[in-house]
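For the sequence shown, position 288 (counting from the first letter as 1) is numbered 288 according to my numbering, and the numbering increases by one without interruption. C-beta atoms are modelled at their ideal positions from N, C-alpha and C, and glycine is treated no differently. Report on the following structure.
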Amino acid sequence: MKALDLFLFGYYPYIALVVFLLGSLLRFDREQYTWKSDSSQLLRAGQLRWGSNLFHAGLLFLLFGHTIGMLTPHFVYEPFMGAGSKQLMAMVSGGIAGLLGFVGVSILLHRRLTDPRIRINSRPADVFLLVLFWVQLALGLATIPLSAQHLDGSMMLKLAEWAQRIVTFRAGAVDLLADAGWVFKLHMFLGMTVFLVFPFTRLVHVWSGFGTLAYVVRPYQVVRTRRRLRRAALPGRAHQAAHRRARRAASGRLAQRAAAAAARLRDPEAGMSCGGSGACTCGGKSQPAAAINGIALHEPGEQLATE
């Protein structure tokens, strides 16, 4: 049993963290087109709003709560809060957040398994993640009655000390869990497993969510539209009205040219006289072979009739 505890709580945390960090980096570098949340909202939006919001709200609170609560040394909050008070606060706030997340993931799991369209478009990893979070949240809620049996905060301090020793690479971390129940140990193991499978699932979109915080500090993006440029070039209603009249006149001339071209296509012989225009020396007495843009074209070598 000691060998198993040594692997699960001595080596497995480092394996999970290495895979979590390097796997995320490699996937972002090599598989950016798969870096997405793969939302099923387009297939059916029913139950998604309640399930997704409850799940994300509860899970994010628990993520930050566990990170801050377990990695903050006891001497930091000891002057104004005892271990028992901190444990009671964690039980109440974590219980509420855990219940919200559990209801949300239950809705999402029911939706994914019972809707035929969503089920057929789901990958095994999608269902596995929901089942993993469902079991993990259920175990977390199950630890609350066990924690209520020792409100002095002794077990909480041991779990926090274990996490701090793992992060700071100090020895003796596994020995602190000798008195922990199997519910606590299984809850911790599944929590580390979430980080292990993180780079291979849709969970990578969590990185993008934290990345959006950069929008708060980045410079404003200056956008200039063409409409503003037109207004600056043509100030006043008179100039704008003149601009509109010019556009209507230009469109009218284009319409006349299009109509003339359509008429020539229908009857090639029609309208093919120069009309005595200054562009031709025949004076309108000779039938041209073609006309382009109102200019008559005669056959080469043709004797032009002149007055």
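Presumed contact (8 Å Cβ cut-off) between residue i and residue j, rounded CB distance
i                 : j                 : result
phenylalanine 200 : glycine 23        : 7 Å
glycine 95        : glycine 58        : Going by Cβ atoms, the distance from glycine 95 to glycine 58 rounds to 10 Å, so no, they are not a contact pair.
arginine 247      : aspartate 126     : About 55 Å; that fails the 8 Å criterion.
leucine 159       : phenylalanine 184 : 7 Å
leucine 157       : alanine 83        : 6 Å
phenylalanine 195 : leucine 17        : 7 Å
histidine 187     : leucine 139       : 4 Å
C-beta atoms of residue i and residue j nearer than 8 Å
i                : j                 : result
leucine 118      : arginine 111      : Looking at the sequence itself, residue 118 is isoleucine, so the reference to leucine does not match. Yes, these two residues count as a Cβ contact at 8 Å.
glutamine 87     : glycine 191       : no
leucine 48       : glycine 101       : no
leucine 141      : leucine 99        : yes
serine 85        : glycine 65        : no
methionine 155   : alanine 180       : yes
phenylalanine 20 : phenylalanine 198 : yes
phenylalanine 9  : leucine 177       : yes
Span separating the alpha-carbon of residue i from that of residue j
i                 : j                : result
glutamate 31      : alanine 173      : 36 Å
leucine 60        : leucine 108      : 16 Å
alanine 163       : leucine 62       : 16 Å
valine 76         : glutamate 161    : 13 Å
proline 145       : alanine 97       : 16 Å
glycine 51        : tryptophan 134   : 13 Å
alanine 259       : serine 37        : 54 Å
leucine 151       : threonine 143    : 13 Å
alanine 249       : glutamine 256    : 11 Å
serine 40         : valine 223       : 33 Å
alanine 262       : arginine 253     : 14 Å
tryptophan 207    : histidine 74     : 29 Å
isoleucine 68     : threonine 225    : 46 Å
tyrosine 11       : lysine 2         : 13 Å
tyrosine 215      : leucine 4        : 45 Å
arginine 44       : glutamine 149    : 44 Å
threonine 34      : threonine 193    : 21 Å
tryptophan 182    : glutamine 221    : 53 Å
phenylalanine 128 : phenylalanine 80 : 42 Å
arginine 245      : serine 251       : 10 Å
Residue closest to residue i, alpha-carbon to alpha-carbon, out of the options
i             : options                       : result
valine 167    : Phe61, Arg27, Leu71           : Leu71
histidine 205 : Asp175, Val76, Phe28          : Phe28
leucine 42    : Leu177, Gln221, Asp115, Phe55 : Asp115
histidine 56  : Phe7, Leu6, Leu130, Leu4      : Leu130
asparagine 53 : Trp35, Ser106, Arg244         : Ser106
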